[in-house]
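**Student:** If you read the first sequence in the working numbering, its first letter stands for residue 157, the second for the next number, and so on.
A virtual CB, placed ideally from N, CA and C, is assigned to each residue, including glycine.
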Amino acid sequence: MAKSEQSSSSSSMVDSAPRPWESYNTVYTNAKAGMEGVDKEKVQRIVYEMSKGSKYFENEERKEAYMKQKIENMRNHLANLKATDLSQYQRVADKRIAELDTTRDLSRIWLHVDMDAFYAAVETLSNPSLKGKPMAVGSMSMISTANYEARKFGVRAAMPGFIASKLCPELIFVPTDFKKYTYYSDLTRKVYHEYDPNFTAASLDEAYLDITKVCKERDLSGGEVAVELRENVYKATGLTCSAGVAPNRLLAKVCSDINKPNGQFVLPNDRVAIMTFISSLPIRKIGGIGKVTEHILKDVFEIKTCEDLLQKSSLLFALFSPSSAEFFVSVGLGLGGTEAPNVRSRKSMSNERTFSATKDEAFFNQKLVELSEMLSADMEKEGLHGKTLTLKLKTASFEVRTRAMTLQSYIRSSKDILKHASKLLKAELPVSLRLIGLRMSHFNEDKDGSLSDPTQRTLLNFIKSGESNKETVVDEENSDPCFEHFSEIDDQKICSLNDDHENLQVIETCCSDNNNETGASSSSSSSSSSLMWLDDYKCLEEESGQNYKNLSFKHRMMSRKDGGVEKGKGKKKQKHSVTNGDHIPIDAFFTKRS
DNA sequence: GGGGGATCCGAAC
DNA sequence: TTCCAGTTCGGATCCCCC
157 MAKSEQSSSS SSMVDSAPRP WESYNTVYTN AKAGMEGVDK EKVQRIVYEM
207 SKGSKYFENE ERKEAYMKQK IENMRNHLAN LKATDLSQYQ RVADKRIAEL
257 DTTRDLSRIW LHVDMDAFYA AVETLSNPSL KGKPMAVGSM SMISTANYEA
307 RKFGVRAAMP GFIASKLCPE LIFVPTDFKK YTYYSDLTRK VYHEYDPNFT
357 AASLDEAYLD ITKVCKERDL SGGEVAVELR ENVYKATGLT CSAGVAPNRL
407 LAKVCSDINK PNGQFVLPND RVAIMTFISS LPIRKIGGIG KVTEHILKDV
457 FEIKTCEDLL QKSSLLFALF SPSSAEFFVS VGLGLGGTEA PNVRSRKSMS
507 NERTFSATKD EAFFNQKLVE LSEMLSADME KEGLHGKTLT LKLKTASFEV
557 RTRAMTLQSY IRSSKDILKH ASKLLKAELP VSLRLIGLRM SHFNEDKDGS
607 LSDPTQRTLL NFIKSGESNK ETVVDEENSD PCFEHFSEID DQKICSLNDD
657 HENLQVIETC CSDNNNETGA SSSSSSSSSS LMWLDDYKCL EEESGQNYKN
707 LSFKHRMMSR KDGGVEKGKG KKKQKHSVTN GDHIPIDAFF TKRS
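#1: If you reduce the DSSP assignment to three classes, tell me which class G385 lands in.
#2: I think E279 touches V293, with their Cβ atoms under 8 Å apart; what is that distance to the nearest whole Å?
#3: Could you tell me which of L589, E205, A560 and E458 sits nearest to S514, measuring between CA atoms?
#4: Which value, in whole angstroms, describes the spacing of the CA atoms of E380 and I367?
#5: Express the C-alpha separation of K571 and M561 in angstroms, rounding to a whole number.
#6: Run through the DSSP bridge pairs and tell me what Q246 is partnered with.
#7: Using a 10 Å radius around the Cβ and a threshold of 16 neighbouring Cβ atoms, would you call N751 buried or exposed?
#8: Can you give me the start and stop residues for the beta strand (DSSP E) that D534 sits inside?
#9: Just the Cα atoms here: how many angstroms apart are R260 and C411?
#10: Output the boundary residues of the alpha helix (DSSP H) element that contains N232.
#11: Hey, out of L524, L267 and A320, whose CA is closest to L385's CA?
#12: Does the distance from the CB of R751 to the CB of G492 come in under 8 Å?
#13: Under three-state DSSP, which class holds T546?
#14: Can you name, in chain order, every residue of its own chain whose Cβ lies under 7 Å from the Cβ of V487, other than the five neighbours on each side?
#15: Can you pull the DSSP bridge partners for H268?
#16: Return the chain-ordered list of same chain residues with a C-beta closer than 8 Å to the C-beta of M291, the five sequence neighbours on each side being excluded.
#17: Relative to the alpha-carbon of R218, which residue among A577, L563, H576 and V556 has its alpha-carbon at the smallest distance?
#18: Let's test the definition: count the other Cβ atoms within 10 Å of the Cβ of E644 and tell me whether it reaches 16, buried, or not, exposed.
#19: A239 by DSSP, collapsed to three states: which one?
#20: Would you identify the three-state DSSP class for P331, choosing helix, strand or coil?
#21: On the three-state DSSP scale, how would you describe V370?
#22: Applying the 10 Å Cβ sphere with the 16-neighbour rule, what's the burial state of V370?
#23: Considering only their Cβ atoms, is the gap separating V485 from R231 smaller than 8 Å?
#24: From T396 to I265, what distance separates their C-alpha atoms?
#25: Going along the chain, which residues of its own chain have a beta-carbon closer than 6 Å to the beta-carbon of F599, five neighbours each way excluded?
#26: Quick check: the Cα distance between S512 and V269, rounded to an integer number of angstroms?
#27: Using 8 Å as the cut-off, can you tell me whether the region 332-341 makes contact with the region 239-249, which would need three or more C-beta pairs spanning the two stretches below that distance?
#28: Which residues mark the beginning and the end of the beta strand (DSSP E) in which G294 is found?
#29: Indicate whether S565 and K503 have their beta-carbon atoms separated by less than 8 Å.
#30: In chain order, what residues of the same chain have a beta carbon less than 6 Å from the beta carbon of Y770, not counting five sequence neighbours either side?
#31: Can you tell me whether V587 is helix, strand or coil according to DSSP?
#32: Measuring only the C-alpha atoms, how far is G193 from R312?
#33: Starting from the C-beta of I452, find all residues in its chain whose C-beta is less than 8 Å away, skip the five residues before and the five after it, and write them out in chain order.
#34: If you draw a straight line from the C-alpha of V401 to the C-alpha of I445, how long is it?
#35: Do K468 and I439 have their C-beta atoms within less than 8 Å of each other?
#36: For the beta strand (DSSP E) that contains I299, what are its first and last residues?
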């Protein structure tokens, strides 16, 4: 454990000296595997002190103020809700929760594999002298990943190297070598293929496998398959990985993080076990809930765990869009994707480069030439032509701007890209920039003019179209982009057409059953003790000292007195006034400042 | 009023 | 000393045009 040599640790600090770093929340202070026991306050202080006064810091402050305003607006809106509105939203929420719960599929066994500190592990493999030493892959400006020795100092991915270096002066930097990582990634994928030929690679070091079939055929449990697969990955690569086994992908992903590194966790295909597991799970553990969403849910609704998402469901339906609210409650129910995900077609392709801030237009033009050539080459590799070109700029003050144009015809050549990109850039001059990027979207594949895989059409599109036999090329513009999180929910919409719902009772009964049931079991220990999450760390139920089992829906938020809702005023048009029954989309709470 | 383009934000790795 | 990435995708709103 890294010891703080200057100030004492947060637990023993009792003086009232100002500690401004406490409110400087960066992603670096969020717990990540291997970072248990890190002196969070020390990390926060160092990051704060090294960032203070920089343009980056000023931009972070702007973003923070923006988020605070948004939270304030949401609170105001919450206060304006009438009791009648709330009970209406409660009915909507309860109905939806009951519908979602009836569509739960416990028939599949999903496995999520995650290589341990992948880039760092590969580098150590090719240079064993790095073993046991704190090491990061990346440069002084940015780190891609850090090994577990470095994480003990608070060093982690996406942290600038100079800050990491301050946190851990002995830190060894190794430049990134994607060729190497791709080679090892391919080796792991060969192993995955043996267990599920249709596995989904989420990145170079992560994959989802449906192991239902292999479990059945070989009469093995999910945990046994995971053990074997991890051994085979190790044999093939010399690298360790962690695995999570669960009835759906969302839960499998959460599970793979529990016993990292070189461990695994199995969540049984049992409703009670799932509800118990999910109930005390911090919302930030869920893929799709990041820093901002976590902040909003905590500050506005006092939602910290997935159980809270169910208990505050009426408020979520009142203040978020239906799709967001549905996502939140489905998380509260422990639902996730169980069908093999559709093969997705590429939506966009981009590249961008950061450099020292400058106003040099000749330099900008040179960058545009390079980016155009790179983009053109990448598009050629995949046989794509694009119609919409987006120029991305980051100013010296870290403000991000995008400027897009949709052309009459599809283009690919670097000459064409450059011509249009230059036009877009010209309109922004003069400007001091630190990044330029180009993105192409709205593709037309040039192989045969159709999408390569007709199954790319999402179920939602299918349902929405109301046509079951349409064989024409999918119109990408009409496809709903939200199937990533909601595909399973969308599936469920098909069977959620009846209006008479007493199903809530079912949930309450089942949840109260939790009182006497075990939640989850670790494959290593086969322990039947319930797992609790406290302050981002897991512990046994007995350790928590909290009663987490009450999933009752009785705790309803009381409506508060009406108050003025300040609407966003900014570049964009103001939203229409709030009317009864209308949800407020999240961005409506923004008060945009240029 | 709806569709689609433009823009921005959030998230993940 | 160094001084905060790159890529991709989805959600949502605004705005213009038909």
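**Tutor:** Result, derived from the coordinates:
#1: On the first sequence, residue 385 is found 229 positions in, with the first residue counted as 1. Going by the sequence as given, residue 385 is Leu instead of Gly. L385: helix per DSSP, three-state reduction.
#2: Position 123 of the first sequence, counting from 1, holds the residue named residue 279. Position 137 of the first sequence, counting from 1, holds the residue named residue 293. Contact flag correct, Cβ pair sits at about 6 Å.
#3: For this step, residue 514 is matched to residue 358 along the first sequence. Looking at the sequence shown, residue 514 is not Ser but Thr. T514 has its Cα closest to that of L589, out of L589, E205, A560 and E458.
#4: Here residue 380 is taken as the residue at index 224 of the first sequence, counted from 1. Here residue 367 is taken as the residue at index 211 of the first sequence, counted from 1. Their Cα atoms are separated by approximately 11 Å.
#5: In the first sequence, the residue the question calls residue 561 occupies position 405. In the first sequence, the residue the question calls residue 571 occupies position 415. Cα to Cα, M561 sits roughly 16 Å from K571.
#6: Working through the first sequence from its first residue, we reach residue 246 at position 90. Looking at the DSSP assignment, Q246 forms no beta bridge with any residue, so it has no partner.
#7: Any property of residue 751 remains undetermined from this structure, which presents the chain solely from 157 to 750.
#8: For the purposes of this step, residue 534 is identified with residue 378 of the first sequence, where counting begins at 1. First-last for D534: E517 to K537, but that is the alpha helix (DSSP H), not the beta strand (DSSP E).
#9: Your numbering for residue 260 matches position 104 in the first sequence. Your numbering for residue 411 matches position 255 in the first sequence. Answer to the nearest angstrom: the Cα atoms are 18 Å apart.
#10: Working through the first sequence from its first residue, we reach residue 232 at position 76. That run of the alpha helix (DSSP H) goes K211 to N236.
#11: Here residue 385 refers to the residue found at position 229 when the first sequence is read from its first residue. Nearest C-alpha to L385: L267.
#12: Shown here, the chain extends from 157 to 750; a query on residue 751 therefore has no answer.
#13: Here residue 546 refers to the residue found at position 390 when the first sequence is read from its first residue. In this structure, T546 counts as strand in the three-state DSSP scheme.
#14: In the first sequence, the residue the question calls residue 487 occupies position 331. Only I442, C462 and L465 meet the Cβ criterion.
#15: Here residue 268 corresponds to residue number 112 of the first sequence, with the count starting at 1. The partner list for H268 (beta bridge, DSSP) reads Y364 and G400.
#16: Your numbering for residue 291 matches position 135 in the first sequence. Around M291: A276, E279, T280, A302, N303, E305, A306, L327, I328, F329 and V330.
#17: In the first sequence, residue 218 corresponds to position 62, counting from 1. The shortest C-alpha separation from R218 is found at V556.
#18: Taking the first residue of the first sequence as position 1, residue 644 is located at position 488. Reliability fails at E644, whose pLDDT of 33 lies under 50, so the model's placement of it is uncertain and the value that follows must be treated cautiously. So E644 counts as buried.
#19: Mapped onto the first sequence, residue 239 falls at position 83. Note: A239 maps to helix in three-state DSSP.
#20: To locate residue 331, count along the first sequence from 1; it is residue 175. Three-state DSSP puts P331 in coil, outside helix and strand.
#21: Within the first sequence, numbered from 1, the residue matching residue 370 stands at position 214. Helix, per DSSP.
#22: The count along the first sequence starts at 1 and reaches residue 370 at position 214. It counts as buried.
#23: Here residue 231 corresponds to residue number 75 of the first sequence, with the count starting at 1. Here residue 485 corresponds to residue number 329 of the first sequence, with the count starting at 1. Not in contact: R231 and V485 (Cβ atoms no closer than 8 Å).
#24: One-based indexing of the first sequence puts residue 396 at position 240. One-based indexing of the first sequence puts residue 265 at position 109. Their backbone Cα atoms lie some 22 Å apart in a straight line.
#25: Against the first sequence, residue 599 aligns to sequence position 443. Excluding sequence neighbours, F599 sits near L540 and G542.
#26: Taking the first sequence and counting its residues from 1, the one referred to as residue 512 is at position 356. Taking the first sequence and counting its residues from 1, the one referred to as residue 269 is at position 113. Cα to Cα, the separation comes out at about 38 Å.
#27: no
#28: Here residue 294 corresponds to residue number 138 of the first sequence, with the count starting at 1. M291 to G294 is the extent of the beta strand (DSSP E) around G294.
#29: Working through the first sequence from its first residue, we reach residue 565 at position 409. Working through the first sequence from its first residue, we reach residue 503 at position 347. No, the pair does not count as a contact, with Cβ atoms beyond the cut-off.
#30: Beyond the ends of the chain as shown, which are 157 and 750, falls residue 770; an answer cannot be given.
#31: In the first sequence, residue 587 corresponds to position 431, counting from 1. In the structure shown, V587 sits in coil (DSSP, three-state: anything other than H, G, I, E or B).
#32: The residue you call residue 193 lines up with position 37 of the first sequence. The residue you call residue 312 lines up with position 156 of the first sequence. In a straight line, the C-alpha of G193 is about 14 Å away from that of R312.
#33: As a first step, residue 452 is located in the first sequence; it is residue number 296 there, counting from the start. Correct list, in chain order: M223, K226, I227, M230 and I742.
#34: The residue labelled residue 401 in the question sits at position 245 within the first sequence. The residue labelled residue 445 in the question sits at position 289 within the first sequence. Using only the alpha carbons, I get a separation of about 21 Å.
#35: Along the first sequence, one-based indexing puts residue 468 at 312. Along the first sequence, one-based indexing puts residue 439 at 283. No, they are not a contact pair.
#36: The residue given as residue 299 occupies position 143 in the first sequence. I299 to A302 is the extent of the beta strand (DSSP E) around I299.
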